[in-house]
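Working notes, structure below.
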Amino acid sequence: MSDFTPTKPTDWLDPLWVEHYENIIENKLCPIGIGFSEHMTFFLSESGGFYGGYDDYFCLIGNDVESALQNLFFEHDFTQLEK
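For the sequence shown, our numbering assigns the number -16 to the initial residue and increments by one for each residue that follows.
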């Protein structure tokens, strides 16, 4: 189940992980929700990309919100990103 309440992940989100993710994509991120039993935090980048992160796992879910929601709910084909 996914929950797109932006304040929810900020209660436990480690800013060092956010900084690490931002370094990978070279773009600022804003937390927008959680999913996968509250293990993954969802982010929207300044450029419009939709990402997911859980500790050292970081992935692109979609290049925009529409494609991300399609992928998140139906396709489940995330692209793992590393640096």
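Beta carbons: idealized from backbone N, C-alpha and C, even for Gly.
Cα-Cα separation, residue i to residue j
i: Ser(-15); j: His22; result: 10 Å
i: Phe26; j: Leu(-4); result: 11 Å
i: Pro(-2); j: Ser30; result: 20 Å
i: Glu58; j: Cys42; result: 14 Å
i: Ile8; j: Thr24; result: 16 Å
Selection from the options that minimises the alpha carbon distance to residue i
i: Phe(-13); options: Glu9, Leu(-4), Gly18; result: Gly18
i: Phe61; options: Glu5, Pro(-11), Phe33; result: Phe33
i: Leu52; options: Tyr40, Glu29, Ile15, Ser20; result: Ile15
i: Tyr37; options: Gln63, Glu58, Gly45, Pro(-11); result: Gln63
i: Cys13; options: Glu65, Ser28, Gly35, Lys(-9); result: Ser28
i: Asp39; options: His59, Glu5, Phe56; result: Glu5
i: Lys66; options: Pro(-11), Ser50, Trp0; result: Trp0
Residue i: first and last residue of the uninterrupted beta strand (DSSP E) it sits in
i: Leu43; result: 40 to 45
For residue i, three-class secondary structure by DSSP
i: Thr24; result: strand
i: Pro(-8); result: helix
i: Phe56; result: helix
i: Leu12; result: strand
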